[in-house]
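Asker:
Numbering (our numbering), first residue to last: 18 to 451.
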């Protein structure tokens, strides 16, 4: 297929073509519907401003609508001879409408086309990630409430520290997701600005109306400065990668906890055998492969911001072909993050927690702070009580019957504030999905 920038019939060197196109066509399938929607909004605007006639606009919109329907039905295919989706859509318009189809690129560049496509795609993916995160969040909240009275050892430095609970553990990750979604919301607000009309980065001498395309494409606002609009290529991807890395950090840490707690030396939780794998030579093994792979995938996702920084940081303003590679860095990572959320939401409802864990004598020092606090309530200063209990531990004289642990402050094992966490999360989620 002839390239839209070709001025003669001389073909591009095959090796050069393959190298410059790279993997772009593979990822352009994701952008196809956004490219057509962008072309439709642009076409309407050209008609509104009198740059093309109403009849020409209607003809192009009819062809574009047919293409969009094929994309949504799954019958549209990227032509392997095309340079990209932008070229293919324009080629179809020209094949169907002749000279009228050639007018679609008026007051537009592939630069602002791909900017637009990527922004629309990322906004949809933020929505998908939010929906999947919400599903996982609701499971955590439900499990936190269900197991709020089941005690669990707390650790610092991987040493036995103080009493915790499954409610506190599940609830901690629920609140972590609240912060992660807040980052996603901030990134959405930054991305949700229309770049269309910035052309190659320096605007156009045509009297286009960028408010029209902003409204028709559903953007919150626009990138007003045409040079800055181009500078958002790479920046949008990098900011989303940072929010994805934060979310991946939460999921990876949770997966690590699960692997640890499944270990026979901890033995705090278990899963039905269909959620674990076995060993080729050790018949007793039940391996947490799901959670190990979530941890590994999330570690890779946390490397995303650095990779995108290295790709884009040494570039001046203006468009550079380097940013083409952001697609092959970011798009598969989006898939991976969504798959991690899906498998966690599928697996976690089947978790089985152990009761009576703290009855094991190895956890008796877990209650040292409880005994100190009891001494203080009986009139001792904290420091004197600390020294007294510490000496009892050193002399192997420590003994304490915890009874009912009376923790009442907000965020403690006796007051998880799950309703507050859930309220804040749902409020933010509704803004993100609204």
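Backbone N, C-alpha and C fix where the C-beta goes; we use that ideal spot for every residue, glycine too.
Hey, how far is the Cα of residue 11 from the Cα of residue 329?
Answerer: Here the chain covers residues 18 to 451 and nothing more, so residue 11 does not appear.
Asker: Residues bridged to residue 180 by DSSP?
Answerer: Counted from its first residue, the chain shown places residue 180 at position 163. Paired residue(s): 170.
Asker: Quick one: give me the first and last residue of the alpha helix (DSSP H) that residue 71 is part of.
Answerer: On the chain shown, residue 71 is found 54 positions in, with the first residue counted as 1. Residue 71 -> alpha helix (DSSP H) spans 71-90.
Asker: Using alpha carbons as the reference points, say which of 44, 418, 33 and 56 lies closest to residue 229.
Answerer: Within the chain shown, the letter at position 212 stands for residue 229. Nearest C-alpha to residue 229: 56.
Asker: If you draw a straight line from the alpha carbon of residue 237 to that of residue 429, how long is it in whole angstroms?
Answerer: Here the question's residue 237 lines up with position 220 in the chain shown. Here the question's residue 429 lines up with position 412 in the chain shown. Cα to Cα, the separation comes out at about 40 Å.
Asker: The alpha helix (DSSP H) spanning residue 399 covers which residue range?
Answerer: For this step, residue 399 is matched to residue 382 along the chain shown. Here the alpha helix (DSSP H) through residue 399 covers 399-411.
Asker: For the candidate residues 433, 382, 78 and 140, whose alpha-carbon lies nearest to that of residue 201?
Answerer: One-based indexing of the chain shown puts residue 201 at position 184. Considering only alpha carbons, the answer is 140.
Asker: Are the CB atoms of residue 318 and residue 262 within a distance shorter than 8 Å?
Answerer: Numbered from 1 along the chain shown, position 245 holds the residue referred to as residue 262. Numbered from 1 along the chain shown, position 301 holds the residue referred to as residue 318. Result yes, Cβ atoms of residue 262 and residue 318 sit closer than 8 Å.
Asker: Terminal residues of the continuous alpha helix (DSSP H) containing residue 155?
Answerer: For the purposes of this step, residue 155 is identified with residue 138 of the chain shown, where counting begins at 1. Run containing residue 155: 127-163, per the alpha helix (DSSP H) assignment.
Asker: Where are the alpha helix (DSSP H) runs, 4 residues long or more, that stay fully inside the segment 226-250, in chain order?
Answerer: 227-233
Asker: Within 10 angstroms of the Cβ of residue 447, are there 16 or more other Cβ atoms? Answer buried if so, exposed if not.
Answerer: If you number the chain shown from 1, residue 447 lands on position 430. Residue 447 should be labelled exposed.
Asker: Suppose the cutoff is 8 Å on Cβ atoms and the five residues either side in sequence are ignored; what does the same chain contact list for residue 350 look like?
Answerer: Stepping through the chain shown from its first residue, residue 350 is reached at position 333. Only 258, 261, 317, 318 and 321 meet the Cβ criterion.
Asker: Which residues in the same chain as residue 62 place their Cβ atom closer than 7 Å to its Cβ, once the five residues preceding and following it in sequence are excluded?
Answerer: Along the chain shown, read from residue 1 onward, the residue named residue 62 stands at position 45. The residues are 225, 226, 229 and 230.
Asker: With DSSP as the reference, please indicate the residues paired to residue 294 in a beta bridge.
Answerer: Within the chain shown, residue 294 is the residue found at index 277, counting from 1. Residue 294 is bridged to 304.
Asker: If you draw a straight line from the C-alpha of residue 300 to the C-alpha of residue 449, how long is it?
Answerer: By 1-based counting over the chain shown, the position of residue 300 is 283. By 1-based counting over the chain shown, the position of residue 449 is 432. Spanning the two alpha carbons is a distance of roughly 47 Å.
Asker: Grab the span of the alpha helix (DSSP H) containing residue 322 for me, first residue to last.
Answerer: The count along the chain shown starts at 1 and reaches residue 322 at position 305. Note, residue 322: alpha helix (DSSP H), 321-329.
Asker: Express the C-alpha separation of residue 185 and residue 271 in angstroms, rounding to a whole number.
Answerer: The sequence position of residue 271 within the chain shown is 254, counting from 1. The sequence position of residue 185 within the chain shown is 168, counting from 1. Spanning the two alpha carbons is a distance of roughly 13 Å.
Asker: Checking 8 Å against the spacing of the C-beta atoms, do residue 362 and residue 152 come in under that value?
Answerer: As a working note, residue 362 is residue 345 in the chain shown. As a working note, residue 152 is residue 135 in the chain shown. In contact: residue 362 and residue 152 (Cβ atoms closer than 8 Å).
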